[in-house]
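**Q** My questions all concern the structure below.
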Amino acid sequence: MLNNLLNHTTLPVLEQVVNFAQARHGVLAGNIANIDTPGYKTRDLSPELFQESLKEALVKREQAPNSNQISHGVLSNRERTREYNAFEGVAESTKHILYHDGSDVSLESQVTELAKNQNMHNMAISLMTQQIRLMETAISERVV
-10 MLNNLLNHTT LPVLEQVVNF AQARHGVLAG NIANIDTPGY KTRDLSPELF
40 QESLKEALVK REQAPNSNQI SHGVLSNRER TREYNAFEGV AESTKHILYH
90 DGSDVSLESQ VTELAKNQNM HNMAISLMTQ QIRLMETAIS ERVV
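Okay, structure coming up:
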């Protein structure tokens, strides 16, 4: 019963956003750690690809043939455990200038991307916290 209650909120979607932000943070931190490594190529997880795959999953869920039945949330258990292809899609970036040592890591761009990623993570956590507080208020029948 609790699973059905939680799955009817935005929590499953926000959980995927947090998971993606954590995975991307690791990739970006790896880029910064290898800034002085000759020949190192910048790697990244595409936020655009993640957002597109999440959008497709949401649309697919809405258009399910059993949409008149009780929904089990935005993402099924199978979809949650599989994670999205964006997590597997760590790719070398071709957007950066190639330096004399063969690397293309720009500290400024990596720190900027890290800050954007942190903002996305913080936003998702904040929204999850608000959702849980709202449920606590409804369950306890008093304002927390």
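Read left to right, the sequence shown gives residues -10 to 133 (this note's numbering).
In this text, a Cβ means the ideal position worked out from N, Cα and C, and glycines have one as well.
1. Terminal residues of the continuous alpha helix (DSSP H) containing Thr26?
2. Using only the alpha-carbon positions, how far apart do Asp25 and Arg122 sit?
3. Just curious, the alpha helix (DSSP H) that Arg131 is in, first and last residue?
4. Hey, is the stretch 97 to 111 in contact with the stretch 3 to 18, meaning 3+ C-beta pairs nearer than 8 Å?
5. What is the rounded straight-line gap between the Cα of Tyr29 and the Cα of Leu96?
6. From Gln52 to Ala113, what distance separates their C-alpha atoms?
7. Taking 7 Å as the cut-off, is the CB of Gln52 close to at least one heavy atom of the ligand SAM?
8. Are Thr31 and Val79 close, meaning C-beta to C-beta below 8 Å?
9. First and last residue of the alpha helix (DSSP H) that includes Val48?
10. What's the gap between the Cα of Ser129 and the Cα of Gln120?
11. Keeping to the same chain, check which residues put their C-beta closer than 6 Å to that of Leu116; ignore five residues upstream and five downstream.
12. Pick from Asp90, Leu0, Val6: whose alpha carbon is nearest that of Ser42?
13. Please determine, among Glu37, Glu102, Leu38, the residue with the shortest C-alpha to C-alpha distance to Leu17.
**A** Checking against the coordinates, here is how it stands:
1. According to the DSSP assignment, Thr26 belongs to no alpha helix (DSSP H), since it is labelled neither H nor E.
2. So the alpha carbons of these two residues sit roughly 45 Å apart.
3. First-last for Arg131: undefined, no H or E at that position.
4. The answer is yes - the stretch 3 to 18 touches the stretch 97 to 111, with three or more Cβ pairs under 8 Å.
5. Looking at the two C-alpha atoms, the distance is approximately 13 Å.
6. Answer to the nearest angstrom: the Cα atoms are 25 Å apart.
7. In terms of ligand content, the structure shown is empty, and the ligand SAM therefore cannot be addressed.
8. A distance of 8 Å or more separates the beta carbons of Thr31 and Val79.
9. Start and end: 36 to 51.
10. Gln120 has its alpha-carbon roughly 14 Å from the corresponding atom of Ser129.
11. Here the set comprises Leu3.
12. For Ser42, the nearest C-alpha among the options comes from Val6.
13. For the residues Glu37, Glu102, Leu38, the minimum Cα distance to Leu17 belongs to Glu102.
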